[in-house]
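Q: The structure that follows is given in the form of structure tokens.
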Amino acid sequence: MIDSKTALQVQLQNEPVSLDPAVAEDGVSLRVLANLMDGLYCFDGAGDLQPCLAEGVEISEDRRKYTFTLRPQARWSDGLPVTAGEFVAGFRRSLDPKHSGKLAAMLDPIRGAREFRTGKGEWDQVGVRVEGDKLVIELVEPVSYFLQLLTLPGAYPARAEGWQEKGPFTGPYKLMHRVPEQHIFLDINDACWRREVLGQRPMRPVIFRVVSDESTGLALFETGRLDILTRVPSLDLERAKKLGTYREDPFYATYYLGIHAREGKPDAATRRRWNALILREPIVQALGTGERPTLTWIPPGLEGHVPYRSQAVAAPAATSGQARVKVEAGFDSNSRNRQVLEIVQKQLAAGGVDLQLSPMDWKSYVKRLTSDPPTIYRMGWLAPIRDPIPYLEVFTRGGANNATGWSNDRYETLVKEIRVLPSGDARSRKIREAQEILEREVPVIPLYHYVQTHLLSKRVTSFRVNPFGVIRFEEIGVDGEKDPLTAVRPAPPR
0 MIDSKTALQV
10 QLQNEPVSLD
20 PAVAEDGVSL
30 RVLANLMDGL
40 YCFDGAGDLQ
50 PCLAEGVEIS
60 EDRRKYTFTL
70 RPQARWSDGL
80 PVTAGEFVAG
90 FRRSLDPKHS
100 GKLAAMLDPI
110 RGAREFRTGK
120 GEWDQVGVRV
130 EGDKLVIELV
140 EPVSYFLQLL
150 TLPGAYPARA
160 EGWQEKGPFT
170 GPYKLMHRVP
180 EQHIFLDIND
190 ACWRREVLGQ
200 RPMRPVIFRV
210 VSDESTGLAL
220 FETGRLDILT
230 RVPSLDLERA
240 KKLGTYREDP
250 FYATYYLGIH
260 AREGKPDAAT
270 RRRWNALILR
280 EPIVQALGTG
290 ERPTLTWIPP
300 GLEGHVPYRS
310 QAVAAPAATS
320 GQARVKVEAG
330 FDSNSRNRQV
340 LEIVQKQLAA
350 GGVDLQLSPM
360 DWKSYVKRLT
370 SDPPTIYRMG
380 WLAPIRDPIP
390 YLEVFTRGGA
400 NNATGWSNDR
410 YETLVKEIRV
420 LPSGDARSRK
430 IREAQEILER
440 EVPVIPLYHY
450 VQTHLLSKRV
460 TSFRVNPFGV
470 IRFEEIGVDG
480 EKDPLTAVRP
490 APPR
């Protein structure tokens with residue numbers, strides 16, 4: 000059992016939906032997996048792309064063929080070497096239609112992946128194979144962000160026995176013990192290639208404590224049972240700042256309301272009216288934790304972001320004699336989401352819309368969105384790579400994350416064109432046009448772009464979190480350990 004006195008104790012805001020790389024989809028699951036598993040590439044604590052189990056790569060002149068050489072030090076936590084064949088097995092498992100992982104579609108640039116994933120093709124037509132001791136991946140057409148896709152869980156290697164929660168693992172940590180809805184214990188993986196290649200930097204075991212209620216999290220922090228609070232309570236922010244070091248960091252993430260437009264109902268005009276009724280600035284002011292109000296979808300730091308323009312025009316009020324309508328709004332239950340939805344509820348009420356709030360626990364809520372979404376549903380979207388394409392693909396026809404039921408032919412065409420264009424003016428223009436379609440059709444009502452907030456105990460002396468929300472715990476210094484790259488500094492005054 001891990002000693003809680005020496006381990007780093009970290010809040011998890013929700014129970015992970017799944018730690019199986021083939022089906023993991025939510026940000027919480029990905030944050031845990033990023034410390035358990037290394038793939039060919041990974042993002043470091045600054046959000047920069049780094050080779051992990053790939054020692055080198057040769058890219059063909061037409062940029063459609065990638066040949067990877069694995070690190071000779073690449074080993075599983077049980078000491079066995081990681082092989083190119085295990086990467087092939089990992090891709091096959093993630094693309095297998097029976098797993099239905101929502102992020103699997105992001106691997107569609109690989110030749111034959113889409114057809115196999117949708118049950119319309121055979122595995123031997125997929126462009127992933129072993130040549131000698133090297134891994135070869137072939138693409139349908141070149142995409143500039145392909146190496147970033149190899150950071151996704153769907154690109155992790157897999158053993159012949161499939162995924163086992165107790166491992167083995169390829170990352171800096173290994174899972175030792177888990178009690179659902181309570182805690183996850185990670186211990187140091189001494190077989191990880193990083194220990195041999197990067198040196199024996201001091202590391203601590205990690206205890207994730209599943210705490211969705213913000214007040215409970217703050218109480219645990221105050222009594223020393225949490226060292227890193229990953230959701231700082233907005234209603235008690237000033238007191239929280241006195242208890243530890245408060246941090247604000249960039250986050251490629253958007254808080255939004257989706258609208259399930261069943262057969263075009265509510266229609267676009269109604270959706271536009273609801274969008275106009277919701278004022279963003281009062282919401283972020285009420286939260287008080289640095290979020291940035293937005294009327295557009297893509298967050299700062301990604302190509303195509305449009306800066307916020309203040310909602311200067313008064314929202315439309317209900318007219319005399321106008322019939323009031325009742326609309327269900329679903330959300331995963333915690334104090335922050337309830338606070339936001341209650342503000343939205345009051346704003347829509349002024350326009351004749353009676354919002355009926357339906358809170359659910361996180362796992363049940365995610366399941367409902369795939370089967371019977373409420374008319375309005377709360378969700379956050381986090382960019383898994385440093386490119387806007389995952390943001391735009393959310394609302395493509397038949398997309399695994401498109402709970403709105405909305406589609407648009409011109410939007411589909413634009414997304415296909417954006418996928419293959421390199422960054423630059425031509426691509427940015429198409430991204431802006433795609434966003435303008437979302438603004439006009441309103442399948443989504445973006446409310447704000449997140450800012451990551453953390454509260455650190457005095458034990459934490461080195462810290463950083465990347466814009467994807469991942470803390471790489473091998474970079475964290477505890478009890479006097481310091482690193483100049485990650486030395487703890489408080490948030491600048493706002």
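According to numbering that gives the first Met the number 0, the residues represented by the sequence shown are 0 to 493, in order. Idealized CB from N, CA, C, for every residue including glycine.
Could you name the residues that DSSP lists as bridge partners for residue 394?
A: Answer by DSSP bridge pairing: none, since residue 394 is not bridged.
Q: How big is the Cα-Cα spacing for residue 346 and residue 276?
A: Answer to the nearest angstrom: the Cα atoms are 6 Å apart.
Q: Do the CB positions of residue 376 and residue 257 come within less than 8 Å of each other?
A: The answer is yes: Cβ separation under 8 Å.
Q: Can you find the residues in the same chain that come closer than 7 Å, C-beta to C-beta, to residue 142, ignoring five residues on each side of it along the sequence?
A: Around residue 142: 108, 418, 419.
Q: Looking only at its chain, what residues have a beta carbon closer than 8 Å to the beta carbon of residue 153, apart from the 5 residues adjacent to it on each side?
A: Cβ neighbours of residue 153 beyond the five flanking positions: 20, 21, 89, 90, 93, 94, 100, 102, 103, 105, 106.
Q: State the Cα-Cα distance for the pair residue 271 and residue 445, rounded to the nearest angstrom.
A: So the alpha carbons of these two residues sit roughly 12 Å apart.
Q: Would you mind sorting residue 288 into buried or exposed? The rule is 16 or more other CB atoms within 10 Å of its CB.
A: Label assigned to residue 288: buried.
Q: Quick one: does the C-beta of residue 258 sit closer than 7 Å to a heavy atom of the ligand MG?
A: The ligand MG is absent from the structure shown, which contains no ligand whatsoever.
Q: Kindly indicate which three-state DSSP category residue 50 falls into: helix, strand or coil?
A: Correct three-state label for residue 50: strand.
Q: Applying the 10 Å Cβ sphere with the 16-neighbour rule, what's the burial state of residue 173?
A: Under this definition residue 173 is a buried residue.
Q: Nearest to residue 526 by alpha carbon, out of 238, 53, 64, 62?
A: The displayed coordinates of the chain run from 0 to 493. Any statement about residue 526 would go beyond what the structure contains.
Q: Among 477, 475, 223, 404, whose alpha-carbon lies nearest the alpha-carbon of residue 441?
A: Nearest C-alpha to residue 441: 404.
Q: So within the stretch 333–404, which uninterrupted beta strand (DSSP E) runs reach at least 3 residues, ignoring any that extend past its ends?
A: Entirely contained in the stretch 333–404, the beta strand (DSSP E) runs reaching 3 residues are, in chain order, 352–359, 375–381.
Q: Mark residue 296 as exposed unless 16 or more other C-beta atoms lie within 10 angstroms of its C-beta, in which case mark it buried.
A: Residue 296 is buried by the Cβ-count criterion.
Q: With DSSP collapsed to three states, give me the class of residue 18.
A: Correct three-state label for residue 18: coil.
Q: Would you call the stretch 52–68 and the stretch 472–479 touching, i.e. three or more CB-CB distances under 8 Å?
A: The stretch 52–68, when compared against the stretch 472–479, does not touch it at the 8 Å Cβ threshold.
Q: Within the stretch 402–443, note down every full alpha helix (DSSP H) run reaching 4 residues or more, in order along the chain.
A: The qualifying runs are 408–419, 424–440.
Q: By a C-beta neighbour count over all protein chains shown, 10 Å radius and 16 as the cutoff for buried, is residue 2 buried or exposed?
A: Residue 2 should be labelled exposed.
Q: For residue 339, does the count of other Cβ atoms within 10 angstroms reach 16, so buried, or fall short, so exposed?
A: Looking at its Cβ environment, which holds 16 or more other Cβ atoms inside 10 Å, residue 339 is buried.
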